[in-house]
Amino acid sequence: MAATDLSLRHLAALVAIHEEGSYRRAAARLGFSQAAVTSQIATLEKTLGATVFHRPGGPRPVVLTAVGLEVLDVARDLLATADLLDLRIASLRDGTWGRLAIGTFQSVSARLLPAVLGELRQDSPAVEVTVLESNDNDVLIRALRSARLDVSFLVGPVDAPGLTVREVVRDTFVAVVRAGDPAQEALSIRDLGDRPLIGHDQCACHELVERGFSAAGIQPAFAFRSNDNAAVQAMVRAGIGTAVMPALSVDPQDPGVRLLPIAPALPARSILLAHVAERPPPTAIEFVDRTLAAAAGLEL
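Going by full-length UniProt numbering, the final residue of the sequence shown carries number 300, and the count climbs one at a time with no gaps.
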């Protein structure tokens, strides 16, 4: 037999006997009978073809031979590695260690994700996080299906067989006007139709806004389009036009703009969180739970 035929129990017995100085105390420490520990050492010596302990007899402690000392260093390293493996597997199961790849888009990245990731880093610093940002649902869904992402925010509704989807928040559309705008109350769709508008280009919320105008029989006049939230808000501050944006997309700390409700309200966009339905990693489940808790406290 070769050393590779040994088990960790054989090595644990050697370490315990060396540290306790006797077979009896080692057996008590390991929770085995003394006969079982003696058998493990006998198997160890037979496998190695060498004696690992000097057995002086009487009250004197057993001591390692030269071979035993060589085995001791390796045994301690292997046992420590096994303990680390147990710890990592347990941490993977409860989501406190591992990798987490998140898909997201601008407004979530700015308003929701920082708080969630801050808590995650504080509670589970061993989780390695990567983020992919895109305003295109299809890009994010493909990344989920190809396992590039573990979990992703999406704008609903989505048709995504094989994914588990949870709604995180209903994001209401608001009118964003410059701070000095004379309007003080809610703006109607018709009011907005009479204003130069700034819209999001090539994103799901832009489609929802145009659908709302179309349902009211109004053709909006867009003075500027951008898929960048900060750029849209900057144009509003400059007085170029009024923006219709999801509330989550607006920087609430910007003193140069004000938010007004739209009446009647446009259909809110649904922000979703999706992961693969079959065996999602524990880190993804933990992230979903944290996100839902954080979203419940959002002020929109």
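Positions of the beta carbon are idealized from the N, C-alpha and C atoms, including for glycine.
- Under the 10 Å beta carbon count, Glu128 is surrounded by fewer than 16 other beta carbons and is classified as exposed.
- Secondary-structure assignment with DSSP links Met235 through no beta bridge to anything.
- Ser134 and Leu85 have their C-alpha atoms some 36 Å from each other.
- Runs of the beta strand (DSSP E) spanning 3 or more residues and lying entirely within the region 253 to 283 occur at 257 to 261, 269 to 276, in chain order.
- Put simply, of Phe173, Ala247, Val151, Gly241 the residue whose alpha carbon is nearest the alpha carbon of Val276 is Val151.
- Per DSSP, the unbroken alpha helix (DSSP H) holding Gly118 starts and ends at 113 to 123.
- Excluding sequence positions up to five before and after His10, its CB lies within less than 7 Å of the CB of Gln40, Thr43, Leu44, all in the same chain and listed in chain order.
- Distance between Asp123 and Pro114, taken at the CA atoms: about 14 Å.
- Taking 4 residues as the minimum length, the alpha helix (DSSP H) runs contained wholly in the region 106 to 181 are 106 to 111, 113 to 123, 137 to 145, in order along the chain.
- Take the alpha-carbon of Thr81 and the one of Ala12: they are about 13 Å apart.
- Under the DSSP assignment, Val15 falls in the alpha helix (DSSP H) whose first and last residues are 8 to 20.
- Residue state for Gly199 is assigned as strand, using DSSP reduced to three classes.
- By the neighbour-count definition (other C-beta atoms within 10 Å, threshold 16), Val257 is a buried residue.
- Per the C-alpha coordinates, the member of Asp136, Arg76, Val116, Leu8 positioned closest to Ala284 is Val116.
- In the structure shown, the three-state DSSP call for Ala223 is strand.
- DSSP places Thr43 in the helix class (H, G or I) of the three-state scheme.
- At a Cβ-Cβ threshold of 7 Å, Leu259 and Val169 do not count as neighbours.
- Beta-bridge partners assigned by DSSP to Arg99: Glu128.
- A straight-line Cα-Cα distance of about 9 Å links Val63 and Leu69.
- Taking 7 Å as the cut-off, the beta carbon of Val288 is found no closer than this to the beta carbon of Leu298.
- Leaving aside the five residues that flank His18 on each side, the residues in its chain whose CB is nearer than 7 Å to its CB run, in chain order, Leu64, Leu72.
- With distances taken between CA atoms, Leu208 lies nearest to Met245 out of Asn137, Leu100, Ala294, Met245.
- CA-to-CA, the gap between Ile240 and Asp181 works out to about 12 Å.
- Cβ contact annotation for Pro61 (same chain, cutoff 7 Å, sequence separation greater than five): Gly21, Ser22, in chain order.
- Apart from the 5 residues on each side of it in sequence, Val165 sits with its Cβ closer than 8 Å to the Cβ of Leu154, Gly156, Val158, Leu272, Leu273, Ala274 in its chain, given in chain order.
- Residues of the same chain with a CB within less than 7 Å of the CB of Thr38, apart from the 5 flanking positions on each side, are Tyr23 in chain order.
- In this structure, the straight-line span from the alpha carbon of Leu79 to that of Leu8 is close to 7 Å.
- Counting along the chain, the unbroken alpha helix (DSSP H) around Ala26 starts and ends at 23 to 30.
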